[in-house]
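Trainee:
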């Protein structure tokens, strides 16, 4: 699979079929460990909630969230 992120103007100029829009983004750092998030997931949850708020959306408006997703036990729990 491939995901291309570009401005809407650029996509329209090249005649792209626009399938979605990035409406909001957020990032946090919990300082729990140099390479691992706090397993309680509070900061990851905050980042997702904040991105939704910044976009002016509600959770029911969301089709996909691309979170940390490294496939590790600690990352998946958070």
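Numbering (the working numbering), first residue to last: 0 to 77. For glycine and all other residues, C-beta sits at the position ideal for the given N, C-alpha and C. Every value quoted in this text rests on a predicted model; they were computed, and no experiment measured them.
Helix, strand or coil for residue 58? Go by DSSP, reduced to three states.
Mentor: Counting from 1 along the chain shown, the entry for residue 58 is found at position 59. Helix.
Trainee: Name the two residues that bound the continuous alpha helix (DSSP H) containing residue 12.
Mentor: In the chain shown, residue 12 corresponds to position 13, counting from 1. Unbroken alpha helix (DSSP H) run through residue 12: 7–12.
Trainee: So, with DSSP's three-state summary, where would you put residue 47?
Mentor: The residue given as residue 47 occupies position 48 in the chain shown. The answer is helix: DSSP assigns residue 47 an H, G or I state.
Trainee: So, for residue 46: in the same chain, excluding its five sequence neighbours on each side, which residues have a beta-carbon less than 7 Å away from its beta-carbon?
Mentor: Residue numbering aside, residue 46 sits at position 47 when the chain shown is read from its first letter. The answer, listed in chain order, is 25, 26, 27.
Trainee: Using only the alpha-carbon positions, how far apart do residue 31 and residue 37 sit?
Mentor: Position 32 of the chain shown, counting from 1, holds the residue named residue 31. Position 38 of the chain shown, counting from 1, holds the residue named residue 37. Between residue 31 and residue 37, the C-alpha separation is close to 5 Å.
Trainee: Throw me the rounded Cβ distance for the residue 29 and residue 49 pair, which I believe falls under 8 Å.
Mentor: If you number the chain shown from 1, residue 29 lands on position 30. If you number the chain shown from 1, residue 49 lands on position 50. Wrong, their Cβ atoms sit about 14 Å apart, outside the cutoff.
Trainee: Is the beta carbon of residue 33 closer than 8 Å to that of residue 54?
Mentor: Position 55 of the chain shown holds residue 54. Position 34 of the chain shown holds residue 33. Contact flag unset, no.
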